[in-house]
Structure formats: structure tokens, C-alpha cells
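Peer 1: I'd like to ask you about the structure that follows.
Numbering (this note's numbering), first residue to last: 755 to 930.
Set out below in C-alpha cells:
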């Protein structure tokens, strides 16, 4: 069944276009997370950039609404980008235009981009943390993902007043 998924055998119409599409897909899904965080109007401690995306650090545990919005909005954006990017004439891969192919490809793409979000939401609902514990958990998880941390001026003062050290020293302590 090599012809079931692709229209004219396996070839890429434009490999560079495929790479650009994948980057746009990833960036727009990450931007949705940032927009949800900005919409919360929480004081931002800092952010961590890793190979898996951007993680924003806030003091308070978000409400249940924001936890699930942070799952659903990027999933909807992911599905929309996949539908437009893979099933229009601009598609870098000549996929068949069958409904089953569309459903499988879009569902798999949403699952790829939202699996970690779903697990994080379930963890936040089951084990809610706030304040120092939330910051330390986020920093420890992101430290394991080879993340680069950036702290806001508020984040520097928060870490200094609540932990008695600067963020660099705290990160070194967490890596032990």
C-alpha cells in the first residue's frame, strides 16, 4: 500500500519547504503557550529555552481553566496548521486527500505536539504546586532537558529574597 498515503509515490516536492513548514508548526505551537501565559497576567520569574521548546516560570499555580487552555489552544493551532500546511496545494508532501488520511495525519500531529502538554496538565491537576516549590520543580525539570535559563529582573529579586542566592548559584545547586 505505498500509494495509499502519498499521491505519486514517495517523493518530496520541496525538502526546504518541508523544513520551513515543520519549523513554523513548532514555533506557532510554542507561541500559543506564551500567549496563554501572557493572558494570565502573572508576574514572570523567567523562561527556559530547551530543544523541546520554551517554558515560562510563574509563581502561582494556574487555575484549572488556564491549565486546560494551555493544552487545548496549542492543539487546535497544531491541527489547523497541519490541515492547511499538508492538505492544500502548498503542501511540501503530496498527501492523498482522503478523509481517513487527513484524520490520521492531523491526529498524529496533534498527539506529537500535545502529549507533553497533556502530561503536564494532568500533573498540575493531580499535584498542584505554587511559590518556591513550583519554581524549584520547573527549574529541576528544565535543567535535565539542557535548558538555557533567562530570568527577569523580578525573577532575580524573587530568587534572591526567597532562596538567599542568585539564580546562577541556585541552578548550580540544582545540578548537583
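Where is the CB? At the ideal position from N, CA and C, for every residue including glycine.
#1: Could you tell me how far apart the beta carbons of residue 801 and residue 810 are, in whole angstroms, since I believe they sit closer than 8 angstroms?
#2: Quick test of your reading: residue 840 and residue 854, contact by CB under 8 angstroms. State the CB separation rounded to the nearest angstrom.
#3: Could you name the residues of the same chain whose beta carbon sits closer than 6 angstroms to that of residue 820, not counting the 5 residues immediately before and after it, in chain order?
#4: What distance in whole Å lies between the Cβ atoms of residue 867 and residue 783, which are believed to be in contact at a cut-off of 8 angstroms?
#5: Can you look up residue 809 in the DSSP assignment and give me helix, strand or coil?
#6: Roughly how many whole angstroms lie between the Cα atoms of residue 785 and residue 773?
#7: Does residue 918 come out as helix, strand or coil in the three-state DSSP assignment?
#8: Return the first residue and the last residue of the alpha helix (DSSP H) that residue 798 is part of.
#9: Please check the pair residue 900 and residue 804, which I expect to be a contact at CB under 8 angstroms, by giving their CB distance rounded to whole angstroms.
#10: Residue 886 to residue 798, Cα distance in whole Å?
#11: Exposed or buried, which one is residue 755 when buried takes at least 16 other CB atoms within 10 Å?
#12: Can you tell me the Cα-Cα spacing of residue 812 and residue 858, whole angstroms?
Peer 2: In this structure, then:
#1: About 5 angstroms separates the beta carbons of residue 801 and residue 810, which is inside the 8 angstroms limit, making them a contact pair.
#2: That belief does not hold up - the Cβ atoms of residue 840 and residue 854 are roughly 14 angstroms apart, past 8 angstroms.
#3: So the list reads 794, once near-sequence residues are dropped.
#4: Confirmed, about 5 angstroms.
#5: Three-state result, residue 809: strand.
#6: In this structure, the CA atom of residue 785 is about 18 angstroms from the CA atom of residue 773.
#7: Note: residue 918 maps to coil in three-state DSSP.
#8: No alpha helix (DSSP H) contains residue 798, which is instead part of the beta strand (DSSP E) from 798 to 804.
#9: Indeed they touch by this definition, with Cβ atoms about 6 angstroms apart.
#10: Those two C-alpha atoms are separated by around 13 angstroms.
#11: Caution is warranted here: a pLDDT of 47 is assigned to residue 755, below 50, making its placement in the model unreliable, and no coordinate value can be reported.
#12: Using only the alpha carbons, I get a separation of about 36 angstroms.
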